[in-house]
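Residue 305, in this note's numbering, is where the sequence shown stops; the numbers in between run on with no holes. Ideal Cβ positions, reconstructed from N, Cα and C, are used throughout, including at glycine. Single-structure report; data block below.
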Amino acid sequence: MPNITYEGVTYDRATCTLGTCPLALANVRYVPSLGGNATYLVLFIILFAAQCFLGIKHRTWGFMGGMLGGLMLEIIGYGARIGMHYNPFNTDCFFAYLITLTIGPAFLTASIYLCLARIVVVYGTNLSHFQPRFYTITFVACDVISLVLQAAGGAIAAGSTKNATMGENIMLGGLSFQVFSLILFCLLCAEFGWRVYSAAAWKHNPAFAAVTNSRRFKLFLLALAVATILIIVRSVFRVAELEDGFTSSIANNEGLFMALEGPMIIIAVGALTVSHPGYAFNGEWNELTWSFRAVNTGSCRGL
């Protein structure tokens, strides 16, 4: 890491500490809160354990995989921010936090996308413009594109100072695409919801009437909507944060970060833990899947 001159004094960035270098030279222009980040870390560990337990109990393998992947990245990210509390000049901790907390929600949205196909099946595929597999394939593909862009951008930014701007722009592109995908997902959900609401009751799938009429399924739909909206809010914030680079005022405002990053994800995952799809679908999650050849509401196993 090259030396840097600040206010007429040259510093070795590689050996900087709070005792030897001004905070203005740190990776962020504040000392991350130990209490706040530790609290988020503990909450994410609790949510990880809860999602693991519920996923195994209800055999919601695909949903559990996305949730656990996202939560593990959140745990790593907040662990890295605790490391930054002790040394905000530590570049390894900075990029560990930046990359993991940027890409983590992409795994969570993958789990959310898996839910829509099953919702279509229980209400009736005849009420949807698209087959259930269309929703899963389309939005999971969008999620993968977003994830690859964000991860690649983070890796480029971490690899070389001279490529930091290019890495930031690639990450920004990935985040922007994630926001676009989530908004499109919301629009298709709203369109399908309207078709369900306006359709005569006899057009609904009678095989799952007990599921769709249950209070816990309706609470699950509310939780899914809340989680999606909160992740959109968080992603819009991260787009604004990265738009002007790592040195922007938004990127160095811990108050905004602590309000619009961690809590949005904690509440989103918390909602989908309390109203877990395993409960909502009355144990039918693993039956309500599809294959690439045909929709199957019987014994097909999958995501």
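Let me know the secondary structure DSSP gives residue i once reduced to three states.
i, result
"V11", "strand"
"N165", "helix"
"N255", "coil"
"N92", "coil"
"N29", "coil"
"N5", "strand"
"F132", "coil"
"N39", "helix"
"S16", "The sequence shown places Ala at residue 16, not Ser. Correct three-state label for A16: helix."
"T22", "coil"
"P208", "helix"
"G126", "coil"
Taking 8 Å as the threshold (C-beta atoms), are residue j and residue i in contact?
i, j, result
"Q152", "G176", "yes"
"I252", "E243", "yes"
"F239", "R120", "no"
"S148", "A108", "yes"
"A277", "A225", "A quick correction: the sequence has Ser, not Ala, at residue 277. Result yes, Cβ atoms of S277 and A225 sit closer than 8 Å."
"Y32", "E256", "yes"
"L116", "G64", "yes"
"F97", "G155", "no"
"A308", "P90", "An answer regarding residue 308 cannot be provided, because it is not within the stretch 3 to 305 covered by the chain."
"R135", "N288", "no"
"G37", "G79", "no"
Using 8 Å for Cβ pairs, my map puts residue i next to residue j. What's the rounded Cβ distance?
i, j, result
"P261", "L232", "The residue asked about is misnamed: residue 261 is Ala in this sequence, not Pro. That belief does not hold up - the Cβ atoms of A261 and L232 are roughly 12 Å apart, past 8 Å."
"M74", "Q53", "Their Cβ separation, rounded to whole angstroms, is 10 Å, which puts M74 and Q53 out of contact at 8 Å."
"W43", "I84", "This sequence places Leu at residue 43; Trp is not what is there. About 7 Å; that satisfies the 8 Å criterion."
"F222", "F187", "That pair is no contact at about 16 Å."
"T104", "A82", "Actually they are not in contact, since the Cβ atoms of T104 and A82 sit about 12 Å apart, beyond 8 Å."
"E76", "F55", "Wrong, their Cβ atoms sit about 18 Å apart, outside the cutoff."
Measuring only the C-alpha atoms, how far is residue i from residue j?
i, j, result
"S293", "A229", "Note that S293 scores 44 on pLDDT, short of 50, meaning its location in the model is unreliable; the coordinates nonetheless yield the value given after this. One C-alpha to the other measures close to 27 Å."
"F219", "L274", "12 Å"
"V181", "V11", "43 Å"
"L110", "F194", "22 Å"
"C23", "I139", "50 Å"
"L20", "L100", "21 Å"
"P208", "S113", "26 Å"
Within the segment 215 to 292, note down every full alpha helix (DSSP H) run reaching 4 residues or more, in order along the chain. The alpha helix (DSSP H) runs lying completely inside the segment 215 to 292 and spanning 4 residues or more are 217 to 245, 256 to 262, 264 to 276 and 279 to 282, given in chain order.
Within the segment 43 to 124, note down every full alpha helix (DSSP H) run reaching 4 residues or more, in order along the chain. For the segment 43 to 124, whole alpha helix (DSSP H) runs of length 4 or above, ordered along the chain, are 63 to 88.
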